[in-house]
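> Numbered according to my numbering, the sequence shown terminates at residue 240, and the numbering increases by one at each position without gaps. Every residue, glycine too, gets a C-beta built ideally from N, C-alpha and C. Got a structure here, written out as structure tokens. Questions coming.
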Amino acid sequence: MSTYANHPVSPAKAAVVEEMKEKLQSAQGAVFVGFSGLTVADVTKLRRKFREGGVEYKVIKNTLTRIAADELGYNALDAIFEGPTALAYSTEDAVAPAKILKEFIKETKTEALTVKAGLADGQVIDVAAVDALASLPSREELLAKLVGSMQAPISGLVNVLQGNIRNMVYVLDAVRAKKAEQETA
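And the structure:
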């Protein structure tokens, strides 16, 4: 048994700590979840939703994760490592873990899942901040809104230009009709 950052751990456990550090460092967004009394069917459904959203979900060892968190300077997380804990994290979307978890809890009306804390862009966030993060639009929704707002001025310009051309056609038609009137008179 060796000492890992002032904590006595075996080489196998030290490897788990290193893996946890990598996951926590690479996470754009992460949510620590407390769970108890969750049915197998619900766990399966939750894992499927996370997988579809590009989020990894893993039951974690509290002591080893605490060591990893402390090594990364996330000392504020020490209090959450009590009871069964899981980690839902995404390396690409800071909002996805919180959003999927919130939707799942709302959809299933389960009380077996509780949000303990979260990480967003390397910062520890509390339960209220995780909830606020879950209320944000997803990356895809934000990109769609951006594209829509970029298209709006272009569409407006096209309509204005078409309106001017249309008006010019009306004026030319009126001039032609007037000349045709004058020639026949």
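(1) Helix, strand or coil: how does DSSP classify A85 here?
(2) Which runs of the beta strand (DSSP E) at least 3 residues long sit entirely within the segment 123-201? Give them in chain order.
(3) Looking at C-beta atoms only, is the number of pairs between the segment 67-80 and the segment 96-105 that lie closer than 8 Å three or more?
(4) Helix, strand or coil for K104 per DSSP?
(5) From Y225 to T239, what distance separates their C-alpha atoms?
(6) For T58, which residues of its own chain have a beta-carbon under 6 Å away from its beta-carbon, when the five flanking residues on both sides are left out?
(7) Count the other C-beta atoms from every protein chain shown that fall within 10 angstroms of the C-beta of S145, then say buried if there are 16 or more, exposed otherwise.
(8) So what does DSSP say about M56, is it helix, strand or coil?
(9) Whether or not the segment 183-191 and the segment 93-102 are in contact is what I'm after, with contact meaning three or more pairs of Cβ atoms, one per stretch, closer than 8 Å; do they touch?
(10) Distance check for L197 and E137, CA to CA, integer angstroms please.
(11) Compare the C-beta of K76 against all C-beta atoms of chain E and say whether one is closer than 8 Å.
(12) Among residues of its own chain, excluding the 5 on either side of Y76, which ones have a beta-carbon nearer than 7 Å to its beta-carbon?
(13) Any idea what DSSP makes of V110, helix, strand or coil?
(14) Once the 5 residues before and after Y129 are set aside, which same chain residues still bring their CB inside 6 Å of it?
(15) Taking Cβ positions, are P139 and V110 nearer each other than 8 Å?
(16) Between the alpha carbons of E158 and A69, how many angstroms are there, rounded?
Inspection of the coordinates gives the following:
(1) strand
(2) 140-145, 168-175 and 178-180
(3) no
(4) helix
(5) 21 Å
(6) Any reading at T58 needs caution, since the residue's pLDDT is 47, under 50, leaving its predicted position unreliable; the model's value is listed next. None.
(7) buried
(8) Bear in mind that a pLDDT of 42 at M56, under 50, signals an unreliable position, so the number given afterwards is only what the model happens to contain. Looking at M56 - three-state DSSP - the assignment turns out to be coil, as it is neither helix nor strand.
(9) no
(10) 36 Å
(11) Going by chain labels, chain E is absent from the structure shown, which holds only one protein chain.
(12) Residue 76 is actually Lys in this sequence, not Tyr. Once the five neighbours on either side are set aside, the close Cβ partners of K76 are A123, E126 and L127.
(13) coil
(14) V179
(15) no
(16) 35 Å
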